[in-house]
Amino acid sequence: MAKPSKGKKALKSTQKAAEQEKAVPQKPVVEQAVPADKPTNGMQTAELATPEPVKQASFADRAVGFIKSNFTIFTIAIIILMGVMFYIRTVPVHAAVFTNWGWLNGSTYANIAADDGVYHMRLLYNTLEHFPFRILYDPFTHFPYGNTIHFGPLFELIPAALLLILGLGNPGDSLIQAVAAYYPAVLGTLVIIPVYYIGKKLFGRPAGLIGALAIAFMPGAFFYRSMLGSFDHHIAEVLFMACTVACLVYALDAARTSKLSLEQIKNKDWGSLKMPLVYGALAGIFMGCYLLNWIGALLLAFGLFVYFTLQAFIDNYRGRSLDYLVILAALVFLIPVLMVLPYSVSNMTFQAVYYSLTQPLLFIFAFAGVCVEYGVARALKESKSEKWAFPVAIVGIAAIGIILVYLIVPGLFGILQYSMTQLIPSGGTLTIEEAYPTFIDRSTGQVSFATLWAMYYWAFPAAVVGLLLLIVRVFRTQRPAELMFLIWNIVMAWALMAQNRFTYYFAVNAALLTAYLAFEMFQIIDLDGLLAGFKKKVDSMEGFQRYMKKNMGASLALVFIVLVFGLIAVYPALPLSDSTGANSKGVIFQTAESASSGMAYEWYDALTWMRNHTPDPQGTTVSSTFNYASGQYYKSPLKKTYDYPSSAYGVMSWWDYGHMIEYVAQRIPNANPFQAGITEENGTTGASPFFCSIDEDTSVKMLDALGSRYVAIDNQMATGKFPAIQEWIGDSDGWEYVTNSTFIYMDSTAMYQNNNTVPILADTSKWDKSTMNRLYYHDADKMSHYRLVYESAGPYYVNLKVVNREQGYVGYNNPLSFNNLQNATDIYQMYSNFVVSTDSLGTMYGYDARPPAKWVKIFEKVDGATLVGSAPEGTNVTAMLTLKTDYGRVFNYTASTVAHNGSYSFVVPYSTEEMKGDGYSYGILPQTKYMITVGNVTKTVDVPESAVMSGSTVQIT
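Now the structure itself:
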């Protein structure tokens, strides 16, 4: 039998006192305040005294009283942990984020996370221009179509509001970048609060503290997504999700305690309604904040709907009222509808990844589903039906509902199907790091838990055990808050295994499940009993000695449990976590000191050059409908492309770099990290087909179809990322072939020939002809419509393939870097002519070196000047021009043809004068005139820049 609550004891005492009042005359009393931290069992003490005026406590007195009653050792511990969390996320990486690179208006550049982080910066600047509004469509990306933006608006609104306050309505660039850089670290630090309160409410303060300790030192994605400069919405998602769950835990417990019902609302019993409604409303508000940060909040909504449904089944089976479920579901599902509606009505369609009618309608459907369950339960109860009738009726109604959605709103049904398949990625989606299954090794395709270990270390196995024990506990306790907690953990575990992107989410779950496992260990030794006995019996050193002697076993067990779970929590901060033994610091501190998610300086250099030396796509007269800094844009749904001015053009690069191109260069990428522009027009053009093309005329047509003028390529695109570029169009075959080759052994003194042969993967002619290879490694040599206009600052890099014969893995090495071009050339020649082993057994060897290249190269597509001359039939004719880059590298452009019908012609992309014109100027300079060799005769010819840009003809005499 359940024990009477403290409240019931107090009620009985009050009733008894009232009966005594009838018989005994009462004197006036003055109540003495009972400290909030003293248990009273529902009673209050009083003394008989002469009435005196009651002195009103000052604000300072009330503040001190609040602090004394609430600031326990646990509170102090949480504050200290928050300080540690913020420190390790900001101080070690400060110099890497706050650079000395020149930026706008005399400020220096904050190296915000690339790629999504810099796009959030673009949106933050726009929000400051139009606060509290923000663009939902952006024509400055995905040329010539533009992009509807699926990023939620709240992530920018919060720092924008703060900036307008701190900057007195006009914040400067330095302040904007500083607030943006620190924002994710603040959000990450705040996550500890809901983690602690979830653990505390469900399993007690010690468990809450262990959960807080675990999240404070959690490594992996959660850590680096909350570091200084990681200005991305991911960490905000984690915070608002955790806050939603925390408030719902408190709401469910409060609803159970107060027996929340619709009758209480009807009778306006605010005393009973207050706490469950307040916590429920907060859960709804945080859910709305989550939804306004990321549309993927629907995943949590799905999990909560599953919980409400299972809880309805359980409560109906046990004959309990479903009133509290309907009330809390209304708050959790309908408040977000009101919050997202202003953004949804701007897109009166059904779309999965953009704010549209989909989000409010699905939340309304979720609430309607709970209402149906409530109505069916009431109807079956009144008709005294069998208990099995409820699940049968619900399943039948659900089936009918799905069919009706399919028939009436097929677009919404398709979105539901699409959403489910996103948790089972395939095809090109698997080339996206965030979308790859967490338990699969990308290099081998085999099951591996290496990623999970790196993300959580010992917290992951602890979480697995905790989850299994939690399932048993939920069946035993029948506590609604614990069932909700279990369903949430199962849904997030499913998401974790499906896609790598959810590793930062599950950090909260791993911390809390570790805390729960600790709670179960505490239960075994009866921690509550130990602490109660300690408080009761220990009032002196002798009492302490007697207590320890009597409870030695349990006390030692307690110390052991605390040490074990403390070690699990802080393990990533200990040197033990570095399995290589190469560092005296834990992995979390190594990450803090070395990890910076910002762009490489070479990219920053190349893109700032592009901003300053290429034509402004806005034109000389900037229109309000096409203003990068302060524009508001609208694209008619009837048009496929945006109404761009004639000055606009696209920049072709791989989609990873699109946001960087837009934010730093303020130019319009053809492809972006929204995975837009990878393939276009039924696969006939786009970034992937362009870079994989093996014919110049085809590649030019692709760029013409997209309005592209420039091409930006980096070292990674031409090496490790190229297989992903192939995968998006299903063109992975024919780039390499297996052959046998002898190899040499090289030590510090000499090279030795080895007669053994090894199988290697060699490039085919398909790679040699590819646009990627011809541009990046060969400077567009022998091409008619592309010219190199800039290569980034920094060293020269030499890429070569490496093979580990024992592991059978073939890949590219980290590129060798050289400040001296000659040194780079020497290494290139050696590794391109030989297969070189680094040990006498030939276990590891390198080969197939690529020519030295700067990290980033920018090319321009031009019409080209046509050089025309006469020569006898069949005569070989060559053209050569020597050029020098901004950084002093000399290279040759060559072309060749054969005379036909007494004449020949070339189309050449370079002029023999300074490459400068309308809005552009390039530092690559010709060192000679074109040398045209016809047979044994060589002539020189000048080619004006105007001829190259207009496609004019230059006659050779």
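According to UniProt numbering, the sequence shown is numbered sequentially starting from 1. Where a beta carbon is used, it is the ideal one built from N, C-alpha and C, also for glycine.
Classification of residue i by the beta-carbon crowding that lies within 10 angstroms, buried from 16 upward
{"i": "Met348", "result": "exposed"}
{"i": "Ala544", "result": "The question names Ala, but residue 544 is Phe in the sequence shown. Its Cβ having fewer than 16 others within 10 Å, Phe544 is exposed."}
{"i": "Ala712", "result": "buried"}
{"i": "Thr75", "result": "exposed"}
{"i": "Lys549", "result": "exposed"}
{"i": "Gly303", "result": "buried"}
{"i": "Ala212", "result": "buried"}
{"i": "Ile80", "result": "exposed"}
{"i": "Tyr604", "result": "buried"}
{"i": "residue 998", "result": "The first residue shown for the chain is 1 and the last is 957, placing residue 998 beyond what the model contains."}
{"i": "Thr72", "result": "exposed"}
{"i": "Met541", "result": "exposed"}
{"i": "Ala457", "result": "The displayed chain sequence assigns Tyr, not Ala, to residue 457. By the neighbour-count rule (16 or more Cβ atoms within 10 Å), Tyr457 is buried."}
{"i": "Ile88", "result": "buried"}
Min CB distance residue i to chain B below 8 Å
{"i": "Arg611", "result": "This model lacks chain B altogether, as it is built from one protein chain only."}
Distance, residue j Cα to residue i Cα
{"i": "Gly414", "j": "Tyr406", "result": "8 Å"}
{"i": "Ser597", "j": "Val376", "result": "52 Å"}
{"i": "Asn773", "j": "Arg709", "result": "19 Å"}
{"i": "Ser107", "j": "Ala178", "result": "11 Å"}
{"i": "Met492", "j": "Leu300", "result": "8 Å"}
{"i": "Ala23", "j": "Lys387", "result": "Legend: pLDDT at Ala23 = 41, less than 50; position of this residue unreliable, value from coordinates given subsequently. Near 53 Å, if we compare the C-alpha coordinates of Lys387 and Ala23."}
{"i": "Val559", "j": "Phe217", "result": "21 Å"}
{"i": "Tyr737", "j": "Asp763", "result": "7 Å"}
{"i": "Gly204", "j": "Gly553", "result": "23 Å"}
{"i": "Gly734", "j": "Asn814", "result": "24 Å"}
{"i": "Gly919", "j": "Ser693", "result": "30 Å"}
{"i": "Tyr812", "j": "Lys200", "result": "49 Å"}
{"i": "Asn100", "j": "Tyr109", "result": "7 Å"}
{"i": "Leu821", "j": "Lys782", "result": "22 Å"}
{"i": "Ile400", "j": "Ile215", "result": "44 Å"}
{"i": "Ser817", "j": "Tyr797", "result": "5 Å"}
{"i": "Ile525", "j": "Tyr224", "result": "37 Å"}
{"i": "Pro944", "j": "Met660", "result": "33 Å"}
{"i": "Ala724", "j": "Asp714", "result": "14 Å"}
{"i": "Ile364", "j": "Leu260", "result": "22 Å"}
Member of the options whose CA lies at the smallest distance from the CA of residue i
{"i": "residue 1023", "options": "Thr878, Glu382 and Phe308", "result": "With the chain covering only 1 through 957, there is no way to say anything about residue 1023."}
{"i": "Ala185", "options": "Phe222, Trp270, Thr621 and Ala705", "result": "Phe222"}
{"i": "Val907", "options": "Val465, Asn936, Val954 and Asn876", "result": "Val954"}
{"i": "Leu298", "options": "Val278, Asn105 and Val332", "result": "Val332"}
{"i": "Tyr279", "options": "Asp269, Leu291, Leu292 and Val249", "result": "Val249"}
{"i": "Gly619", "options": "Pro645, Ala629 and Lys639", "result": "Pro645"}
{"i": "Asn682", "options": "Arg667, Pro673, Met702 and Phe691", "result": "Met702"}
{"i": "Pro92", "options": "Glu593, Thr757, Leu925 and Gly951", "result": "Glu593"}
{"i": "Leu228", "options": "Tyr642, Thr591 and Tyr922", "result": "Thr591"}
{"i": "Thr739", "options": "Pro723, Thr684 and Asp848", "result": "Asp848"}
{"i": "Ser896", "options": "Phe691, Val868 and Tyr663", "result": "Val868"}
{"i": "Val326", "options": "Val340, Phe305 and Tyr343", "result": "Phe305"}
Backbone secondary structure at residue i - three-state DSSP
{"i": "residue 1030", "result": "The structure shown does not extend to residue 1030, since the chain is modelled only from 1 through 957, so no value can be given for it."}
{"i": "Gly280", "result": "helix"}
{"i": "Leu404", "result": "helix"}
{"i": "Ser950", "result": "helix"}
{"i": "Gln716", "result": "coil"}
{"i": "Met227", "result": "coil"}
{"i": "Glu736", "result": "strand"}
{"i": "Lys16", "result": "In this predicted model, Lys16 has a pLDDT of only 43, less than 50, meaning its place in the structure is not dependable; the value taken from the coordinates is given anyway. Three-state DSSP puts Lys16 in a helix."}
{"i": "Val908", "result": "strand"}
{"i": "Ser5", "result": "The pLDDT assigned to Ser5 is 43, lower than 50, so where the model puts this residue is not dependable; a value taken from the coordinates is nonetheless given after this. Ser5 falls in the coil class under three-state DSSP."}
{"i": "Gly811", "result": "strand"}
{"i": "Val622", "result": "coil"}
For the region 168-179 against the region 251-259, are there 3 or more C-beta pairs whose distance is under 8 Å? no
Stretch-stretch touch, CB-based, cutoff 8 Å, three pairs: the region 115-128 with the region 149-161: yes
Taking 8 Å as the threshold, find out whether the region 303-320 comes into contact with the region 473-485 through three or more Cβ pairs. yes
Using a Cβ distance threshold of 8 Å, determine whether the region 230-240 contacts the region 268-284, with at least three qualifying pairs required. no
Can at least three beta-carbon pairs, one atom from the region 921-933 and one from the region 869-889, be found at a separation below 8 Å? yes
Okay, do the region 159-168 and the region 665-678 touch, 3+ Cβ pairs below 8 Å being the bar? no
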